[in-house]
Structure formats: structure tokens, C-alpha cells
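These notes concern the structure reproduced below.
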Amino acid sequence: MNQLSGPLATIAVLLLLGFVDDVLDVRWRYKILLSAFGVIPLLLSYDGSVSIVVPPLVAQYWRLPAWTTPTTDICFRPYAPSSLHSFFEEEHRHTIGSFLVMLWQYSQSEVTRLTQLASTLTQGSSGWTTVRDYVGQHYLCRVPNSATGIDGIMVYLGPLYLLYILCICIFCSNSINILAGINGLEVGQSTIIAVACIVYNVLQLRFTSVTTPSGEWSYIERDLSPDHPIRALLLLFPFVGVSLALYAFNKYPAQVFVGDSYTYFAGTVLAVAAVTGVYSKTLMLFFIPQLINFILSLPQLFGIVPCPRHRVPTWSPVTGKLSNSHNYTLLNAILYVTGDLTERRLCQIVLLFQVVCCVFGFVIRYAAAALFFDMVL
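In the numbering used here, the protein residues as written are 217 to 593.
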């Protein structure tokens, strides 16, 4: 339960932010900033890898020096350099002030490295060779097929990966919030994604029971540990139970309406479970409808096109149907294609699209990925 203290704290903070938004109508710029602060407890408790594996199809075009071996390279540690890694292993790991100081010190060391690289380039060294060797020494390492079956190059991202986690949490909490406005949609889409995540974690439990890397690959063993999917399931099962009960009263015609409190809570639970379960990239496959809605909304969100406070479809009291309000959202895009629909029917179409996207996500995760990697874990 100690490993869930950070995730639970983040969920509580973002739930509070949703409630405050319902009451005070917080501006978007402030909600994003407050969401970032709310994710800090999750970042402090993250114990997974901060490196990614590049598939052989791409890795074959990057010729690494012979000294990039897995036994000495920093890619095979959860955090690097060693000072940052040791910080996360000490009792000060959950101190926000110390965490920020350590990130500042790490940033200074990176600036020093880049300054040295720039100095080398200005002295007439071969540009591409120098940059390649620098990146290879500090951020890349070869992943031999004989060790785990994973063939390719591993790229160390370090704090950049933590920034990616931060962006994932902010996106998920807000994406559920902007794909909303009709009865049952917010709860329905969140429940479908959560069920897909449960299925994924159950599958991962099966895979981790037959995959046991060891030795210098201990960090992979941590990522494949059954502890990660179990922690995610501990968050997802209660969420699905609560959401199903709420959906019974929120579906059309709704007796209970959800506000920003639920949408922020739902998005945060899904994101936190993905980070805790080490499947944040897979989660984005389940969020395809939300990604489409976000991309469609960009012109209005950035002020390129006038953005009213409410962008929901227009309801006609004569026909009892919803029509396109000419705002840039997924709901209006569907109405543009299909014509006017009842609220119940529009919700059913969006939820069906959500199910299709989740199934498509599994196909990409397990079938398509097998075309690029020797082993899909």
C-alpha cells in the first residue's frame, strides 16, 4: 500500500481541483498549472524505467560504438546519473523540495555536457561523428538479442520521461473533461477505457508469470514485476464499480449529472493506473477518441477560432434532437456526418467508437508491435 501513496495523493488533488473548478470556474491556463503540481506525488513514487527501446527497423540506421554495452550503460538504471538514482532510493525521495533541487542539479550537469559538446564542434571536429558519439555515450545503448530477445537500441530519457508522465496525466484529466456534454458520455467512455485497462493488466499478469529476466537486466525485471499490474488493478476495479453505479443514474435521461469533479477524477485514475502499471504508452491507444477530439479542438483552444464557453451540440425543442453547433469537437463532427441525432443515439455512437478504438489498441499493442520487435512484453 505504501507504493500507492503517491498515486492516491495525485488522485485526491486532481479530484479537489475538479471540485474547485465546478465552484469557481477556474481558467484553463490555471487548471493546467494546478494539474501539474498535483502530479508531483505520482512522480515522486514512480519506480519504473525512464528508457525506451527503439525497434530494430530504426536502430539499424544508428551505428553505435563498440563500447556501448548493457553492463555499463546508464540506460539500464531506472534513474541516472547516479546522484539522481541514489536520491530516489533514499528516505528523502518523497520530499518535494529535495526533488526539485535534485532536478535542478541534474539540469546543470546536462547544460555542462552540452556546452562541452558545442566547444568540441567549434574546434573543427567532424560534426556528425562527434554528435553521434556524444549521444551514444550518454543516452544510448545496444540491447542484444541474446539476453532477453529484445533487439534494438535503448534510449535513456531520464527526467524527460518524467515530463512525459506529467503531460500524460494533464492530458487524460482534461481530455475526459472536454469530450463531454451529453448524458452518460463522460461516465461511459471512462468505464470502457477502465475495462480495457483491466483486460490489459490481466494479460500482463499472465505474461510476467512466464518472463523472468535477471542479472544486469534487473530494471526490466522490475518493469515486468506482477506488482505493477496488481497496483493498477487495485485502482481500476473500485473505479469501474463506482462508475457503473453512477452510469445507471447518469445515462439518458439522466437523474444525476457529473461535473468537472468526476471528469478530472476519472481521467486522473486512468492516467495514474497506467503510470503505476507501466503502460502509459498503451493507454494512449485507448484514448484515440479523446486524442481526435483534442486535435479537432486545437483551433478553438488556442484562440485561432472563437471559442464559446459551451461547445456542446445544439438541442432543438421541436425535433428533440441534437444538431451540429459548428464548434470543433468530436460530437459535432459526428453530427456533421450523420445529421441530427437524439442524445441517446449520439452517446451510443461515441461509446461504440470508444469500444472499437480500445480493440484497435490491443491489435496495435500485441499484433502490430510484433512486426517491429522480436519480443512483445
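We put the beta carbon where it would ideally sit given N, CA and C, even for glycine. Just so it is clear, the structure is predicted and the values come from calculations on it, not from any experiment.
Going by C-alpha positions, F481 is about 28 Å away from T558. In terms of Cα proximity to N390, the closest of A470, R245, G264 is R245. At a Cβ-Cβ threshold of 8 Å, E402 and T484 do not count as neighbours. Checking the DSSP bridge columns, you'll see V521 has no partner listed.
Look at T545 here: in three-state DSSP terms it is coil, with no helix or strand label.
Per DSSP, V575 is not a residue of any beta strand (DSSP E); the alpha helix (DSSP H) it occupies stretches across 559-578. With a cutoff of 8 Å on beta-carbon distance, N417 and L449 are scored as near each other. Bridge partners of S267 according to DSSP: Y372.
Taking Q506 as reference, the option from L546, V242, V458 with the minimal CA-CA separation is L546. Fewer than three Cβ pairs drawn from the region 461-473 and the region 493-504 lie within less than 8 Å of each other, which leaves the two stretches out of contact. Of the residues V528, F518, F465, V411, the one whose Cα lies closest to the Cα of Q570 is V411. Note on geometry: alpha-carbon atoms of P375 and F455 lie some 30 Å from one another. By the neighbour-count criterion, in which a residue is buried when 16 or more other Cβ atoms sit within 10 angstroms of its Cβ, I520 is exposed. The beta carbons of R422 and G493 sit about 14 Å from each other, so the pair does not count as a contact at 8 Å. With a beta-carbon spacing of about 5 Å, V266 and L373 fall inside the 8 Å limit used to define contacts. Under the three-state reduction of DSSP, S539 is assigned to strand.
Buried is the label assigned to G254, since at least 16 other Cβ atoms lie within 10 Å of its Cβ. Burial state of S532 is exposed, judged by a 10 Å Cβ sphere holding fewer than 16 other Cβ atoms. In this structure the region 235-251 touches the region 382-396; the number of beta carbon pairs closer than 8 Å is three or more. The residue from S513, L250, L451, V566 with its alpha-carbon nearest to that of N399 is V566.
It is roughly 43 Å from the alpha-carbon of R561 to the alpha-carbon of L260. Counting other Cβ atoms within 10 Å of its Cβ, D476 reaches 16 or more and is therefore classed as buried. Distance between C563 and I508, taken at the CA atoms: about 16 Å.
In this structure, the alpha-carbon of L258 lies about 43 Å from that of G555.
L233 is positioned such that its CB atom lies closer than 8 Å to that of S251.
Ranked by how close their Cα comes to the Cα of L224, the residues I504, A487, Y552 have A487 in first place. Exposure of G457 is indicated by the presence of fewer than 16 other C-beta atoms within 10 angstroms of its C-beta. For D443, the enclosing alpha helix (DSSP H) covers residues 443-466. The criterion of a C-beta distance shorter than 8 Å is not satisfied by Y552 and S513.
Excluding the 5 residues flanking it on each side, N540 has same chain C-beta neighbours closer than 6 Å at N548, L551, Y552, in chain order. For V239, the enclosing alpha helix (DSSP H) has its first and last residue at 221-240.
Proximity to L462 across V474, L452, L451 peaks at V474, based on C-alpha coordinates.
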